Amino acid sequence: MKIREGQKLLVYTFASIFIGILFGGYFPEWGKSLAFIGDLFIRALMMMVIPVVITSIVCGISALGDVRYLGGLGIKTLTYFIVTTGMAAMVGLSLVLLLAPGDGLMLEAHSVISLEKLNRPLTQIIKDIILSLVPQNLFYAMSHNEVLPLIVFALFFGSTASMAGSIAQPVLQLMKGLQGIIMSMIHTMMKVSPIGIGCLLAGRLGNAGGFDKFLPELWHLSSYIFTVILGLSVHGFIVLPILFKLATRKSLFKFLKNMMPALSAAFSTSSSNAALPVTMQCCLFKNKLSKKVCNFVLPLGATINLNGTALYESVSAVFIAQVYGVHLDAAQLIVIFLTATLSSIGAAGIPEAGLVTMVIVLKAVQLPPEGISLIVAVDWILDRCRTMTNVWADAIAAAILEKTLKDDTQEA
Ligand code: ASP
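Structural data, given as structure tokens:
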């Protein structure tokens, strides 16, 4: 994408976010009617997710050449993901303890989500997450947009193909061709993305009843919302940039500007998976990160590296305890830290997944899962914010891991 074209797209995107919010906020009924165009946009993005995940991972692994590199990159990537997710949970925990947004707050519960599904024993929830890693049926996983089992399949397929020698070459060539075509399709879709983004926001605000209905909800939970957003900002604008600068020494501002289409796709769709095609485009073609790393790190990151979700889960769990007047001791805080980190890894990159996996955190410290209903009314807006942090964390991870991979190849 040429620079001027990219800048125009950015201006259109910001304008459309602004107009979408005003339109849905002041004219909720009209906003609702625009939801249809927004849904079309999400569907178009979701249509690309499975092809992007499979072709990127298979091509990524074969480009690594030697499976030993895959092992090295795999271990580095997972370690990096776990450490930064843990850092995010720690930022959230520190802020919520410091600001205590739930102390003395009287709140009404909204039973918008079904709590039946959440009331399973903790061990069962964890077993189900592990079982869901292995697809029983590839086509079922594809048709239900289950990304994690497909990643497992693609990793297995790609590493076997890269060891199979010449017999696998035609298949790998085909995968490369497919990936090129899919990337061009995404490039075309990005040109109309501002319209989709604006309509999605207008529609969502319209469904929330416009400013008249939504602003009082926002006001009620303002100290909680403030804590989550402050935490996401500290992690996204201070912690991650420090790591980025230390590892890459590149210009953060330029990197951020190039990621804007992906961040606005994350904000408007509330889904790291739906934003993945745009994240790949921005990292590969605007920030010029290496294909080897992006093909592997970004699809995996969109599914398991949910820094914003971990932060949000630790803030929310402590907030719920504060509202219920439950005092948490140091051991319980450590359990919240660990379970928030792990359950965000288990959460899918789809809307409101973090709200559902938060039950793991609540159960681990014997808080009632029903506590979720205290915060559900504002979750759609916080979901958008944490999804932006999730996507931003993936892009930074790709930049940092690219640097470490380069250092390794130079040393070898
Ligand atoms: N919506 C988030 C994402 O896709 C996951 C979450 O609900 O926290 O990244």
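Going by the working numbering, the sequence shown opens with residue -1, and the numbers climb by one from there. Here a beta-carbon is modelled for each residue, glycine too, at the ideal position from N, C-alpha and C. Here the structure is a predicted model, which is why all the values come from computation and not from measurement.
Quiz item: Hey, is D210 close to the ligand ASP, as in C-beta under 7 Å from one of its heavy atoms?
Solution: Against the sequence shown, residue 210 aligns to sequence position 212. For the ligand ASP, not one heavy atom lies less than 7 Å from the Cβ of D210.
Self-check item: First and last residue of the uninterrupted alpha helix (DSSP H) at V363
Solution: Your numbering for residue 363 matches position 365 in the sequence shown. No alpha helix (DSSP H) holds V363; DSSP gives it neither H nor E.
Quiz item: Leaving out the 5 sequence neighbours to the left and right, which residues in its chain are closer than 8 Å to Y24 when beta-carbon positions are compared?
Solution: For this step, residue 24 is matched to residue 26 along the sequence shown. G208, F209.
Exercise. For S130, verify whether its CB is less than 7 Å away from any heavy atom of the ligand MG.
Key: No copy of the ligand MG occurs in the structure displayed; its ligands are the ligand ASP alone.
Quiz item: Excluding the five sequence neighbours on either side, which residues of its own chain have a C-beta within less than 8 Å of the C-beta of V169, listed in chain order?
Solution: For this step, residue 169 is matched to residue 171 along the sequence shown. So the qualifying residues of the chain are A159.
Exercise. Using 10 angstroms around the beta-carbon of L172, count the other beta-carbons present and answer buried if the total reaches 16, otherwise exposed.
Key: Numbered from 1 along the sequence shown, position 174 holds the residue referred to as residue 172. Under this definition L172 is an exposed residue.
Quiz item: How about L203 and G29: are their beta carbons less than 8 Å apart?
Solution: Along the sequence shown, read from residue 1 onward, the residue named residue 203 stands at position 205. Along the sequence shown, read from residue 1 onward, the residue named residue 29 stands at position 31. Their beta carbons are under 8 Å apart, which means L203 touches G29 by this criterion.
Quiz item: For P49, which residues of its own chain have a beta-carbon under 6 Å away from its beta-carbon, when the five flanking residues on both sides are left out?
Solution: Counting from 1 along the sequence shown, the entry for residue 49 is found at position 51. Cβ neighbours of P49 beyond the five flanking positions: I180.
Quiz item: On the three-state DSSP scale, how would you describe S112?
Solution: On the sequence shown, residue 112 is found 114 positions in, with the first residue counted as 1. In this prediction, S112 scores a pLDDT of 49, lower than 50, which makes its location untrustworthy; no coordinate-derived value is stated.
Exercise. Ignore the nearest five residues each way along the sequence and tell me which others in I348's own chain have a CB closer than 7 Å to its CB.
Key: Residue numbering aside, residue 348 sits at position 350 when the sequence shown is read from its first letter. Correct list, in chain order: S269, N271.
Quiz item: CB-CB under 6 Å to A263, same chain, minus the five flanking residues each way: which ones, in chain order?
Solution: The sequence position of residue 263 within the sequence shown is 265, counting from 1. Around A263: A273, V276.
Exercise. Determine, using beta-carbon pairs with one atom in the region 336 to 347 and one in the region 184 to 194, whether at least three such pairs fall under 8 Å.
Key: no
Quiz prompt | For L254, the nearest candidate out of F39, V389, S54 (CA to CA) | solution = Position 256 of the sequence shown holds residue 254. Comparing Cα-Cα distances from L254 to each of F39, V389, S54, the minimum goes to V389.
Quiz item: In whole angstroms, what separates the C-alpha of N303 from that of T387?
Solution: On the sequence shown, residue 303 is found 305 positions in, with the first residue counted as 1. On the sequence shown, residue 387 is found 389 positions in, with the first residue counted as 1. Going by the C-alpha atoms only, they are around 10 Å apart.
Practice problem: Indicate whether P133 and F154 have their beta-carbon atoms separated by less than 8 Å. | Solution: Walking along the sequence shown from the start, residue 133 turns up at place 135. Walking along the sequence shown from the start, residue 154 turns up at place 156. Contact check for P133 against F154 fails: the beta carbons are separated by 8 Å or more.
Quiz item: Could you give the C-beta distance for I398 and A245, rounded to a whole number, given that I count them as a contact under 8 Å?
Solution: Residue 398 sits at position 400 when you count from the first residue of the sequence shown. Residue 245 sits at position 247 when you count from the first residue of the sequence shown. Contact flag correct, Cβ pair sits at about 4 Å.
Quiz item: Can you name, in chain order, every residue of its own chain whose Cβ lies under 8 Å from the Cβ of Y78, other than the five neighbours on each side?
Solution: Taking the sequence shown and counting its residues from 1, one reaches residue 78 at position 80. Closer than 8 Å at Cβ, skipping near neighbours: A395, I398, L399.
Quiz item: What do you reckon, are the CB atoms on T337 and L43 nearer than 8 Å?
Solution: Here residue 337 refers to the residue found at position 339 of the sequence shown. Here residue 43 refers to the residue found at position 45 of the sequence shown. No, Cβ-Cβ distance for T337 and L43 is not below 8 Å.
Practice problem: Return the residue from the list D377, I52, A391, L372 that minimises the CA-CA distance to L146. | Solution: Within the sequence shown, numbered from 1, the residue matching residue 146 stands at position 148. Here the closest residue by C-alpha is I52.
Quiz item: Grouping DSSP H, G and I as helix and E and B as strand, with all else coil, what is Q134?
Solution: Position 136 of the sequence shown, counted from the first residue, corresponds to residue 134. Q134: coil per DSSP, three-state reduction.
Practice problem: Inspect the beta-carbon positions of V89 and V316 and report whether they are closer than 8 Å. | Solution: By one-based count along the sequence shown, residue 89 stands at place 91. By one-based count along the sequence shown, residue 316 stands at place 318. Going by C-beta atoms, V89 is not nearer than 8 Å to V316.
Practice problem: May I have a chain-ordered list of the alpha helix (DSSP H) segments no shorter than 4 residues that lie completely inside the region 241 to 270? | Solution: 250 to 267
Quiz item: Would you call the CB atoms of Q177 and S54 closer than 8 Å?
Solution: Residue numbering aside, residue 177 sits at position 179 when the sequence shown is read from its first letter. Residue numbering aside, residue 54 sits at position 56 when the sequence shown is read from its first letter. Contact: yes.
Practice problem: Flag A13 as yes if its beta-carbon sits less than 8 Å from any beta-carbon of chain B, otherwise no. | Solution: Annotation note: the requested chain B is absent from the structure, which comprises a single protein chain.
Quiz item: Cα separation between A351 and V56?
Solution: Counting from 1 along the sequence shown, the entry for residue 351 is found at position 353. Counting from 1 along the sequence shown, the entry for residue 56 is found at position 58. Looking at the two C-alpha atoms, the distance is approximately 26 Å.
Quiz item: How many Å lie between L403 and L71 at the Cα?
Solution: Residue mapping note: residue 403 aligns to position 405 of the sequence shown, counting from 1. Residue mapping note: residue 71 aligns to position 73 of the sequence shown, counting from 1. Their backbone Cα atoms lie some 7 Å apart in a straight line.
Practice problem: May I ask which residues mark the beginning and end of the alpha helix (DSSP H) holding D210? | Solution: Stepping through the sequence shown from its first residue, residue 210 is reached at position 212. Per DSSP, D210 belongs to the alpha helix (DSSP H) from 208 to 218.
Quiz item: Comparing alpha-carbon positions, which option in L219, T121, L93, M161 lies nearest L413?
Solution: The first residue shown for the chain is -1 and the last is 410, placing residue 413 beyond what the model contains.
Self-check item: Closest Cα partner of Q330 within the set I17, I373, M183, L365
Solution: The count along the sequence shown starts at 1 and reaches residue 330 at position 332. Cα-wise, what sits closest to Q330 is L365.
Quiz item: How about E350: is its Cβ closer than 7 Å to a heavy atom in the ligand ASP?
Solution: Here residue 350 corresponds to residue number 352 of the sequence shown, with the count starting at 1. For E350, the shortest separation between its Cβ and any heavy atom of the ligand ASP lies below 7 Å.
Quiz item: Expressed to the nearest angstrom, what Euclidean distance is found between the alpha-carbon atoms of G175 and T225?
Solution: Stepping through the sequence shown from its first residue, residue 175 is reached at position 177. Stepping through the sequence shown from its first residue, residue 225 is reached at position 227. Spanning the two alpha carbons is a distance of roughly 46 Å.
Practice problem: Could you have a look at I370 and say whether DSSP puts it in helix, strand or coil? | Solution: The residue you call residue 370 lines up with position 372 of the sequence shown. Three-state DSSP puts I370 in a helix.
Quiz item: Secondary structure at S14, three-state DSSP: helix, strand or coil?
Solution: Sequence index remark: in the sequence shown, residue 14 carries index 16 (1-based). If DSSP states are grouped into helix, strand and coil, S14 belongs with the helices.
Quiz item: From Y67 to R41, what distance separates their C-alpha atoms?
Solution: Position 69 of the sequence shown, counted from the first residue, corresponds to residue 67. Position 43 of the sequence shown, counted from the first residue, corresponds to residue 41. Each residue's Cα considered, the two are about 35 Å apart.
Quiz item: Just the Cα atoms here: how many angstroms apart are A86 and S164?
Solution: Within the sequence shown, residue 86 is the residue found at index 88, counting from 1. Within the sequence shown, residue 164 is the residue found at index 166, counting from 1. Those two C-alpha atoms are separated by around 44 Å.
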